[in-house]
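Here's the structure, in structure tokens; my notes come after.
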Amino acid sequence: MRLRTVAAVFVLAACASAALVAATSESSDVEAATVLTCNTVKCKEGHRCKIKHGHPKCLRINPCAHHHCKRGHYCRAVAGKPECVSKCTRKKCSEGKTCKLKRGKARCVRQKDQINPCAATLCAIGNQCVVEGGKAQCISVCASVRCKDGLECQPDEKGNPQCVAPAATNPCAFTTCLVGNFCQVENGQAICVTNCATVKCTDGTRCETDPQSGNAACVPDGFAMRRMT
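Per mature numbering (1 follows the signal peptide of the UniProt record, and there is no 0), the sequence shown runs over residues -18 to -1, 1 to 211.
Written as structure tokens, this is what we have:
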């Protein structure tokens, strides 16, 4: 009877040990399954879960990885989003040249190939257009003229510069006009006239003066120049 009891104890102990091993193995499998999956991992915006070295990790997503840009442009991540920009943004050209795309490649070309800003700018009589800082500016035709001692430069009736004796009786010599106007003498008196007075525009357009520079330009009917703040 005692032998049967001892045998039964050994059998129960063996069964308990086997059950414990099985339970431990099952627990390890569950733990491994939990560790090796991204199903329960939540990553912040712009990141994606991937298994690295047996563990899930949140890795940054490259927005440009699957984003294609047109020829001559490349993808750049801006605020986590893909943006196509011209290759000219990386191209540095020497003075007098500018970057242009040719067959998808950034090339430095002479600036003379660009449109002259003065081509669309009309200046009043006695003024000429020059490009300063890439912008059109109207300056006096006398700005670059040097006269002999005792003479001074003044525009003639056609706006051409001429060196004449100082006209003490010239009313415009002591008259200052507002921006967008110029002084002319009529019947011996100084009168401020808008720069558009000497400009002729084509049909469907009219002349307006820029509120800041005073330059005259032909603009489409219904268009109004506004002062920039």
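Every residue, glycine too, gets a C-beta built ideally from N, C-alpha and C.
Given the structure is predicted, the values throughout are model-derived calculations rather than measurements.
What are the start and end residues of the beta strand (DSSP E) that includes residue i?
| i | result |
| --- | --- |
| Ile173 | Gln171 to Thr176 |
| Glu190 | Thr187 to Thr191 |
| Val181 | Per DSSP, Val181 belongs to no beta strand (DSSP E) and is neither H nor E. |
| Gln166 | Asn163 to Glu168 |
| Leu83 | Lys79 to Lys84 |
| Ile33 | His29 to Lys34 |
| Ala199 | Ala198 to Pro202 |
| Ser126 | Taken as a continuous stretch (DSSP letters only), Ser126 belongs to no beta strand (DSSP E), as it is neither H nor E. |
| His37 | His37 to Arg42 |
| Glu134 | Glu134 to Pro137 |
| Arg92 | Lys87 to Arg92 |
| Ser68 | Lys63 to Ser68 |
| Pro143 | Pro143 to Val146 |
For residue i, does the count of other Cβ atoms within 10 angstroms reach 16, so buried, or fall short, so exposed?
| i | result |
| --- | --- |
| Pro137 | buried |
| Gln194 | exposed |
| Asn98 | exposed |
| Asn169 | exposed |
| Gly196 | buried |
| Lys26 | exposed |
| Asn177 | buried |
| Thr103 | buried |
| Val123 | buried |
| Ala179 | exposed |
| Ala139 | Note that residue 139 corresponds to Glu in the displayed sequence, not to Ala. Its Cβ having fewer than 16 others within 10 Å, Glu139 is exposed. |
| Asp192 | buried |
| Ala125 | exposed |
Do you know whose CA, among the options, lies nearest residue i's CA?
| i | options | result |
| --- | --- | --- |
| Lys87 | Tyr56, Lys130, Pro143 and Phe164 | Tyr56 |
| Cys174 | Leu18, Asn163, Thr184 and Val181 | Asn163 |
| Ala47 | Lys39, Pro64 and Arg53 | Pro64 |
| Phe156 | Cys145, Ala172 and Val146 | Ala172 |
| residue 212 | Gly54, Ala198 and Gly141 | Not covered by the structure: residue 212. The range shown for the chain is -18 to 211. |
| Asp131 | Lys39, Cys124, Ser122 and Val146 | Val146 |
| His37 | Ile121, Val201, Cys20 and Thr191 | Cys20 |
| Pro100 | Gly204, Ala198 and Asp203 | Per the sequence shown, the amino acid found at residue 100 is Cys instead of Pro. Nearest of Gly204, Ala198 and Asp203 to Cys100, Cα basis: Ala198. |
| Cys66 | Pro45, Cys165 and Leu18 | Pro45 |
| Arg85 | Lys117, Lys34 and Cys70 | Cys70 |
| His35 | Glu134, Val161, Leu18 and Pro153 | Leu18 |
| Val161 | Thr22, Glu190 and Lys182 | Glu190 |
| Cys165 | Gly141, Arg188, Gly28 and Lys182 | Gly141 |
I think residue i touches residue j, with their Cβ atoms under 8 Å apart; what is that distance to the nearest whole Å?
| i | j | result |
| --- | --- | --- |
| Val127 | Pro143 | 5 Å |
| Thr184 | Cys200 | 7 Å |
| Cys120 | Cys111 | 6 Å |
| Lys73 | Cys90 | 7 Å |
| Arg30 | Ile43 | 5 Å |
| Lys39 | Lys32 | 6 Å |
I'd like to know if the region 60 to 79 and the region 103 to 113 are in contact, where contact means that at least 3 CB-CB pairs between them fall below 8 Å. Not touching, per the Cβ criterion.
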